[in-house]
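Chemist: Numbering (my numbering), first residue to last: 33 to 716.
So that we are looking at the same thing, I have put the structure below in C-alpha cells.
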C-alpha cells in the first residue's frame, strides 16, 4: 500500500461551532427570584453546617472503629493463644488464610455498628495495616515451614544415626541408613534449591554421624574389628578428623585388650605366680618370648577387613556372566587375598568344577570338608553342592562364595535382582554381588567344601616398646597380687594367733596351730609367739620343760614332768608334730602307711620315755597300755573297725587325741597290714 498526502475538503472550523456562554449576571433574566436566592443561601448554610457535623461524627466513628479493630486483631494475632503465637511448626500451615479470615471477620463484626460512609472510610483507612498483617502472616508461615522442614530433616537423620548405633552388628545396616539419609537430603535440596557444594557438605555430615554412631557402638561393645570394617566402608565419605579419632580410639582399646590378655596369660604360665609369690625373672623370660628379640609369630592371615576391602569395588554390581557369575565375583573380590585366587583370575576361570580341580592340584591351598557350625576363616572359598552329593566328583560343585570371617559370605547372588512385575509375575534378574549374613543360602544347596590358603612361615614379633609396656603391666599386676596375698595372709595369721591366744593352754593352741595350712616359716613364727604368750621356755635342758600346762590335756607345756635331758625342744616338737599329724589323718579315716605309723610309734615312745606329757596324761597313757585286757580289746577292735576306726572310738569315749594316737601305735606290726589300715564299717 502506498501512502499519499491528504488534504481535507472541508474547513475544520465548520465542524466546531463556538461554545455558548451562560450569562454571569444572576439578574440577567429579571429580579423576580431575588428572594429565592437569599433563601437558598440560607438553606445552603444550614446544609453545610449539618454536613460538617456529620463529617465530624463520622470521623470520630472511623477512629473509634479503627482502634477497636486494631485492638481486636492484635489480640487475635499476638495474644497468648493468638494466630502468630500458636502458628509455629506444623501449626503454621494456612496461617496466611487464617489471618485474612480473621481480618475480614473482625471488619464485618465492627463495621456493622456504623453507617456505610464510615465503613467505606474505615476500609480505606485500614488497608495498609491489614496488608502488613497479611505480609507478616505469609512471611511467618514460610519461615516456619522452612524451619519445620529443616527440623524434620535433622530429626530423621538423627534417628538414622541412632538406629545405626543400635544395629551396628548387622551387616549392611549402616549402609542402609546412609542411603536413607541420601534420599532425605536430595528431597530437601530440591525444595530449597541447594547448590552441589551444599548437598555434598550435608551428605558428608550425615555419613559422618552414621559412621560415628555405628563404629562407636562397636567400640563400646569391644568389637574392634567390626568398628574397623564400618570405618573402612565410610572412610572416603566422612569427615577425616572424625575417622582418625575413632580409628585411634579403636586401636588404643584393642591394644589395651590384647595387652590385658597377654598379662593374664603370662601370669597363668608355670612358675610366674604360684598363688603366693610373683616370680619376676620368670615373667620377664615369658615376655621376651612374646616380644623379645628372638620372638616369632605366625604371619598375619586374611582378616575380615581384608575381605571387605576386596569386595567393596564390586558390591552391588552385575557380573559379566550375570546369573552364572559366582566364580567371577569370588575371584574378583578375593584376588588380592591369596596367590591362588589371583592365578585363577588371571587364567579366566569362571566354572566352579574347574576352580575345585585347580585347588586340589595347588599346593598353596587346602581343600577340606565343611562341617556344620564350622568357623570358616576369612577369605576362604566355600563350595556349595546339593545335599549328599559326592564331592570326589568336581562336577557336583554348583556354587562358590567367599567367607567374610564373621559367619557371612560375599559373592554373586543369582536372585538378588529378581522382582515381581505389575501383573504379579516373577521376573528373573541378572544377579548382583551381595554380602550375606550366613553361609546357609538355601536353594537346595549346602556348604560342602572349604578352600583356604595354607599357613605361611612365622615372622619376627620383636617389638621393644610393646615388650616394655607388657613387662610393666605384668610386674605391676604380679606385685599387686603378691601384696594382696600378703595382706590377706597377714589377716589370716592374725586370726590364727588370736584363736591360739583364746585356746586357754599352750597344748590346745599348738594343736589348733598344726591343723592350719601354714608353711614352716609361718608355723615357727607363730609357735614362738604362742610360746611367749603362754610363758613356755624354749631351749635345751631340764628347764621349764616341754609339757603342756596343767589343763588336763596331753600336749607339750609348762605342766610336763620335764625329764627332757638329752632331747632338744626341736626334737620334742617334731615328735609331738608326728603324733598330731597321725591324729588328724586317723580322724579323717585315712589309710596310714606303715612307715608313717612306725615313725609315729617312735614319737610316742619319745613322748613316754622323756615324760613330755603332763603327769595326769602320762599316768593315763601308761595305765592303759599296761592293761592287758584293754590292749587285747584294742586289737580286737582294730580287727573289726580298722586302725582309724579304733582311734575314733577311743576319742569318742573321752580319750585325749594324742593319747589315743600313742595307744594305737603300740599295737603289733601285724595290724599294719592293708586290711586293717583306715576305717572299717562298724560291726564288720
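For each residue, glycine too, the CB sits at the ideal point set by N, CA and C.
(1) Under a three-way DSSP split, which group does residue 414 fall into?
(2) So, residue 675 versus residue 708, is the Cβ gap smaller than 8 Å?
(3) Can you give, in chain order, each stretch of the alpha helix (DSSP H) that sits fully within the stretch 186-237 and has at least 4 residues?
(4) Any contact between the stretch 135-149 and the stretch 183-201? By contact I mean 3 or more CB pairs, one from each, below 8 Å.
(5) Quick test of your reading: residue 615 and residue 690, contact by CB under 8 Å. State the CB separation rounded to the nearest angstrom.
(6) Report all residues from its chain with a CB closer than 7 Å to the CB of residue 264; omit the five preceding and five following residues, and keep chain order.
(7) Taking Cβ to Cβ, would you say residue 418 is nearer than 8 Å to residue 513?
(8) Mind the definition here: the stretch 429-446 touches the stretch 408-417 only if three or more C-beta pairs lie below 8 Å; say whether that holds.
(9) So residue 381 packs on residue 363, CB below 8 Å; how close in whole Å?
(10) Where does residue 509 sit, in a helix, a strand or coil, going by DSSP?
(11) Please classify residue 402: is it buried, with 16 or more other beta-carbons within 10 angstroms of its beta-carbon, or exposed?
(12) If you follow the beta strand (DSSP E) that residue 443 is in, where does it begin and where does it stop?
(13) Is it true that the CB of residue 240 sits closer than 8 Å to the CB of residue 288?
(14) Quick one: measure Cβ to Cβ for residue 494 and residue 533, integer angstroms, because I've assumed they're closer than 8 Å.
(15) By how many angstroms is the C-alpha of residue 503 removed from the C-alpha of residue 319?
(16) Assign residue 264 to one of three DSSP states: helix, strand, or coil.
(17) Can you pull the DSSP bridge partners for residue 484?
(18) Is the beta carbon of residue 501 closer than 8 Å to that of residue 291?
(19) What are the boundary residues of the alpha helix (DSSP H) that residue 704 is part of?
(20) So which of 400, 286, 278, 431 has the shortest CA-CA distance to residue 356?
(21) Output the boundary residues of the beta strand (DSSP E) element that contains residue 435.
(22) Which one or two residues does DSSP pair with residue 310 in a beta bridge?
(23) Within 10 angstroms of its Cβ, does residue 697 collect 16 or more other Cβ (buried), or is it exposed?
(24) Using only alpha-carbon positions, find the residue among 234, 257, 393 that is nearest to residue 200.
(25) Since residue 388 and residue 429 are thought to touch, with beta carbons under 8 Å apart, how far apart are those beta carbons, to the nearest angstrom?
(26) What does the alpha-carbon distance come out to for the pair residue 394 and residue 375?
(27) Tell whether a beta-carbon distance below 8 Å holds between residue 441 and residue 398.
(28) Among 623, 462, 400, 535, which one has its Cα closest to the Cα of residue 486?
(29) Counting along the chain, where does the beta strand (DSSP E) carrying residue 464 start and finish?
(30) Work out the CA separation of residue 179 and residue 6 for me, nearest whole Å.
(31) Opposite residue 451 in the DSSP bridges: which residues?
(32) Quick check: the Cα distance between residue 650 and residue 526, rounded to an integer number of angstroms?
(33) For the alpha helix (DSSP H) containing residue 115, list its first residue and its last residue.
(34) What whole-angstrom Cβ distance do residue 181 and residue 223 have, given they're in contact under 8 Å?
(35) Give me whichever residues DSSP pairs with residue 419 in a beta bridge.
(36) Check whether the stretch 513-524 touches the stretch 445-461, taking contact to mean three or more Cβ pairs, one atom from each stretch, closer than 8 Å.
Modeler: Here's the rundown:
(1) Assigned with DSSP and collapsed to three states, residue 414 falls in strand.
(2) By the CB criterion at 8 Å, residue 675 and residue 708 fall inside the cutoff.
(3) DSSP runs (the alpha helix (DSSP H)) wholly in the stretch 186-237: 205-224.
(4) Judged by Cβ distances under 8 Å, the stretch 135-149 makes no contact with the stretch 183-201, as fewer than three pairs qualify.
(5) About 6 Å; that satisfies the 8 Å criterion.
(6) 337, 340, 341.
(7) Taking C-beta atoms as the reference points, residue 418 and residue 513 fail to come closer than 8 Å.
(8) The answer is yes - the stretch 408-417 touches the stretch 429-446, with three or more Cβ pairs under 8 Å.
(9) Confirmed, Cβ separation roughly 7 Å.
(10) Looking at residue 509 - three-state DSSP - the assignment turns out to be helix.
(11) In the assembly as shown, residue 402 is a buried residue. Its beta-carbon has 16 or more other beta-carbons within 10 Å.
(12) First-last of the beta strand (DSSP E) with residue 443: 441-445.
(13) No, these two residues do not count as a Cβ contact at 8 Å.
(14) With 8 Å as the limit, residue 494 and residue 533 do not qualify as a contact, their Cβ atoms being about 57 Å apart.
(15) Going by C-alpha positions, residue 319 is about 6 Å away from residue 503.
(16) DSSP, read as helix, strand or coil, puts residue 264 in helix.
(17) Answer by DSSP bridge pairing, in chain order: 398.
(18) Their beta carbons are under 8 Å apart, which means residue 291 touches residue 501 by this criterion.
(19) Unbroken run through residue 704: none, as it is neither H nor E.
(20) Considering only alpha carbons, the answer is 431.
(21) Note, residue 435: beta strand (DSSP E), 431-435.
(22) Checking the DSSP bridge columns, you'll see residue 310 partnered with 305.
(23) By the 10 Å Cβ count, residue 697 comes out buried.
(24) It is 257 whose Cα lies nearest to the Cα of residue 200.
(25) The pair is a contact, with the Cβ atoms about 5 Å apart (cut-off 8 Å).
(26) The C-alpha of residue 394 lies about 11 Å from the C-alpha of residue 375.
(27) A distance of 8 Å or more separates the beta carbons of residue 441 and residue 398.
(28) Of the listed residues, the one whose Cα sits closest to residue 486 is 400.
(29) Bounds of the beta strand (DSSP E) holding residue 464 are 464-468.
(30) For the chain, the structure presents residues 33 to 716; residue 6 sits outside this window and is missing.
(31) Under DSSP, residue 451 forms a beta bridge with 459.
(32) Distance between the alpha carbons of residue 650 and residue 526 is about 33 Å.
(33) From DSSP, the alpha helix (DSSP H) with residue 115 extends over 115-118.
(34) With 8 Å as the limit, residue 181 and residue 223 qualify as a contact, their Cβ atoms being about 7 Å apart.
(35) For residue 419, which the question treats as bridged, DSSP gives no partner whatsoever.
(36) Contact between the stretch 513-524 and the stretch 445-461 is absent, because fewer than three Cβ pairs lie under 8 Å.
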